[in-house]
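Residue numbers (the working numbering): 13 to 288.
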């Protein structure tokens, strides 16, 4: 497939570019900054005309895309004022998804977030592990992701056979960032993330699996390592952090409290990298 990747210079974007190439796909990166080359085009996603033009074709890069991966975003609250975070991210995602619709690209995978399902979990979720049926936002970044998922769900009905997949990524850890797991025994470690994490290379794997198994309509998958980033047993962690919250009777000893059962079952996701 010829695949476009927005946010190609970011932590997850660069891992995705590498992984898709390694699996035989022709990949073109779109980002505001990046290394000049045959596989990259500088695009400002705040400008709808630029992204539409880039998806339709770029001289010396491509003459049309088979699929699109949208990863570009202001990554967290605090980098710019809160309203600016929401405005920039939702506009960029709308521009990208609508341009894909106009360009006839029927296979789109885009980054949503654990922030669309209750992060930082100051309020207990309804049950554990938290699956894709639960949606709640507590900051403007998360609110933007909820809005982006809603936009995508509606746009699937605008193009026959369109497959739009939202991947709710948790904290992405690069291969050189594993030192943080020295704190895995801390009772509060990663509490705001439900103890969850994902290696950037496994995040890229999730992207590829979704791209290679499109399904008409809108779907959402949690993307986390199936095992927790906290060293204590998951049932013990759940009771410590969320006393009285119902916990699945078949919860694994170190299973992530951000459920990955759906993506394992439907896409065959199996993480290749672990901190343990």
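Beta carbons: idealized from backbone N, C-alpha and C, even for Gly.
Item                                                                                                                                                                                  : Value
Is DSSP giving residue 82 helix, strand or coil here?                                                                                                                                 : strand
So what's residue 267 in DSSP terms, helix, strand or just coil?                                                                                                                      : strand
Under DSSP, the alpha helix (DSSP H) around residue 101 begins and ends at which residues?                                                                                            : 94 to 115
Between 141, 228 and 158, which lies nearest to residue 274 when the distance is taken from Cα to Cα?                                                                                 : 141
Enumerate in chain order the residues of its own chain whose CB-to-CB distance from residue 257 is below 8 Å, with the five nearest sequence positions on each side excluded.         : 136, 137, 138, 139, 140 and 250
By the three-class DSSP mapping on this structure, what secondary structure does residue 257 have?                                                                                    : coil
Whole-angstrom Cβ separation of residue 186 and residue 212, contact assumed at under 8 Å?                                                                                            : 5 Å
Would you kindly check if the distance between the Cβ of residue 164 and the Cβ of residue 120 is under 9 Å?                                                                          : yes
Am I right that residue 79 and residue 223 are in contact with their C-beta atoms under 8 Å? What's the rounded C-beta distance?                                                      : 5 Å
How far does the beta strand (DSSP E) with residue 7 in it extend, from its first residue to its last?                                                                                : Because the chain in this structure spans residues 13 to 288, residue 7 falls outside the shown range and cannot be described.
Counting beta carbon pairs with one atom in the region 88 to 108 and one in the region 147 to 155, are three or more of them shorter than 8 Å?                                        : yes
With DSSP collapsed to three states, give me the class of residue 120.                                                                                                                : strand
Over the uninterrupted beta strand (DSSP E) stretch that includes residue 175, give me the two end residues.                                                                          : 175 to 181
Label residue 266 either buried or exposed according to how many other C-beta atoms from any shown protein chain fall within 10 Å of its C-beta, with 16 as the threshold for buried. : buried
Please tell me whether residue 63 and residue 108 are closer than 9 Å, where the distance is taken between their beta carbons.                                                        : yes
Is DSSP giving residue 233 helix, strand or coil here?                                                                                                                                : strand
Does residue 47 come out as helix, strand or coil in the three-state DSSP assignment?                                                                                                 : coil
Please determine if the region 18 to 33 and the region 191 to 207 are in contact, where contact requires at least 3 C-beta pairs separated by less than 8 Å.                          : no
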